[in-house]
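See below for the structure under consideration.
Protein chains in written order, with our numbering: chain A, 1 to 276; chain B, 277 to 552.
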């Protein structure tokens with residue numbers, strides 16, 4: 001067993017859906033969350049920039065001492081997974097893998113849709129991961145660049161949101177998919193509107209739930225579960241504007257945040273190099 | 277006269293509306309533009325973070341040798357104006373001042389609306405600047421957090437945009453304003469939809485145009501105009517994802533960008549301090 005916390009990072013508030021799913025499934029685990037709110041969003045930025053940000057985020061959490069790193073941002077998962085595995089010794093789970101494996105398991109007709117940020121779609125990471133997980137599956141991707149802003153503004157079930165969902169998803173309906181991966185951690189907050197448009201014949205894969213299930217398996221198999229009986233401690237760090245984060249986070253998480261602190265995560269690497 | 281360029285910065289592409297207005301009015305001037313696309317948007321971030329980013333952006337341009345610095349981002353103008361004036365010797369013009377002065381000049385009934393990002397609205401900078409410029413004017417502010425994303429996604433005249441414009445502006449209509457300041461450099465791109473909703477009785481103040489007019493006055497009065505007869509050189513720098521910037525910029529600017537380069541602007545200040 002290990003009482004060390006699980007470290008979870010995202011570009012902003014979206015990864016809280018992953019933290020929430022982990023906390024529900026593994027209430028005794030200590031959790032540390034980092035939201036890089038000073039540089040959010042990642043999904044419209046280049047691979048080189050997202051990779052640099054992800055390494056800085058991970059370094060912050062690894063320095064705190066964690067037993068598992070969860071990359072709760074699909075864009076960072078798609079763009080920085082290999083680099084993170086090279087740089088850090090700690091076990092790493094990204095949201096992208098569990099979502100892809102779940103989709104490959106649940107599809108019946110082999111037609112899977114993936115909605116994600118522009119950056120994630122361009123990387124093709126979901127297409128590769130679903131093909132690795134399953135057999136003969138056709139993957140149809142759709143970028144939904146307005147969804148993150150809509151969620152960050154609390155527009156999760158308004159006429160504007162319904163129009164945006166129609167705009168992006170009508171094309172996927174025409175492709176007769178039976179499974180749709182919500183390939184960005186913000187998107188589960190739009191689930192009711194997406195489900196209504198796609199109808200009962202389409203299973204929505206929420207990568208937050210899929211990730212929480214794999215976190216449990218991974219900790220159990222490696223005898224790393226925390227066997228304390230008290231509820232685990234949850235600590236939240238942001239790189240900017242803690243007040244704004246708190247407002248949105250409490251809406252997502254459904255309860256007040258106990259420990260919330262603003263921190264800096266950038267430049268460590270650069271400083272060391274320049275001063276030597 | 278001075279052949280030195282004018283430096284212009286913004287968090288992303290929005291400030292190109294200001295560059296465009298300056299280039300139209302002063303075609304012989306050399307212009308350098310910096311878009312901080314690695315950290316866009318500024319309008320949802322805290323004062324401390326926006327101030328730090330603005331100083332780094334300005335330092336990059338000042339180091340290139342400029343005769344005038346134009347802060348083409350309302351959020352940076354609202355939050356970092358004083359700090360920039362303290363740190364740099366070069367003359368500085370922010371988009372906020374010209375927009376506020378224009379609004380005070382054109383209002384007839386003394387009821388002025390201002391639409392801007394959350395950060396600009398919270399700072400109250402427009403309210404103070406309009407009061408400084410005019411007499412007895414009532415200023416009604418409205419934050420429009422989705423507008424920047426809509427413009428960045430090219431949604432300038434779609435059903436989604438019309439719904440968002442209605443959502444934010446209906447309240448201002450009820451206040452009988454006769455003047456509306458577009459207090460974010462992205463917003464002029466939504467002008468047709470905003471004008472249609474507000475009707476002919478409301479004058480829209482485009483701070484890009486107002487700023488270009490003040491740039492001309494300032495250079496003329498200080499004998500700093502460039503008296504070459506050739507068209508000025510325009511150089512564009514971004515901190516991330518030049519390809520994406522180019523696509524959006526060419527849509528805004530209406531022509532291909534001649535010189536576009538990706539650069540780093542952060543950490544100079546920190547590096548110096550740490551290595552001493």
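Glycine is no exception: its CB is placed at the ideal position from the N, C-alpha and C atoms.
| Asked | Found |
| --- | --- |
| Residue 288(B), buried or exposed, once every other Cβ within 10 Å from all chains shown has been counted against 16 | buried |
| Proximal residues to residue 368(B) (C-beta, below 7 Å), its chain only, five neighbours per side dropped | 345, 347, 360, 361 |
| Selection of the region 142-154 of chain A by Cβ proximity to chain B, strictly under 9 Å | 145, 146, 148, 149, 150, 152, 153 |
| Chain A contact for residue 436(B) (CB, 8 Å cutoff) | yes |
| As assigned by DSSP and simplified to three states, the class of residue 169(A) | helix |
| Contact with chain B by residue 44(A), beta-carbon distance below 8 Å | yes |
| Sub-8 Å separation of residue 307(B) and residue 529(B) beta-carbons | no |
| Residue 273(A) versus residue 225(A): straight-line alpha-carbon distance, rounded | Caution is warranted here: a pLDDT of 39 is assigned to residue 273(A), below 50, making its placement in the model unreliable, and the coordinate value is therefore given only provisionally. About 37 Å. |
| Cβ distance (whole Å) where residue 49(A) is taken to contact residue 78(A) below 8 Å | Incorrect: roughly 13 Å between the Cβ atoms, too far for contact. |
| Three-state secondary structure (DSSP) of residue 174(A) | helix |
| Proximity test, Cβ basis, 8 Å: residue 520(B) and chain A | yes |
| 8 Å Cβ cutoff, residue 516(B) in contact with chain A | yes |
| Proximal residues, the region 157-183 of chain A versus chain B, C-beta separation under 9 Å | 158, 159, 160, 163, 164, 167 |
| Among 392(B), 412(B), 520(B), 278(B), the one whose alpha carbon lies nearest that of residue 462(B) | 392(B) |
| Short-range partners of chain A found in the region 325-349 of chain B, where Cβ spacing is below 7 Å | 325 |
| Where residue 259(A) sits in the DSSP three-state scheme | strand |
| Span of the alpha helix (DSSP H), counted from its first residue to its last, around residue 99(A) | 96-106 |
| Cβ neighbours of residue 403(B) in the same chain (closer than 8 Å, five flanking residues each side left out) | 390, 415, 417 |
| Beta-carbon spacing of residue 587(B), residue 394(B) below 8 Å | Residue 587(B) cannot be examined here, being either before or after the span of chain B that is shown, 277 to 552. |
| Distance between residue 336(B) and residue 81(A) (C-alpha atoms, nearest Å) | 32 Å |
| Rounded Cβ spacing between residue 75(A) and residue 179(A) (contact assumed at less than 8 Å) | 21 Å between Cβ atoms; not a contact. |
| Interface residues of the region 388-406 of chain B facing chain A [CB-CB below 7 Å] | none |
| Within-8 Å CB hit, residue 38(A) to chain B | yes |
| Rounded Cβ spacing between residue 338(B) and residue 366(B) (contact assumed at less than 8 Å) | 6 Å |
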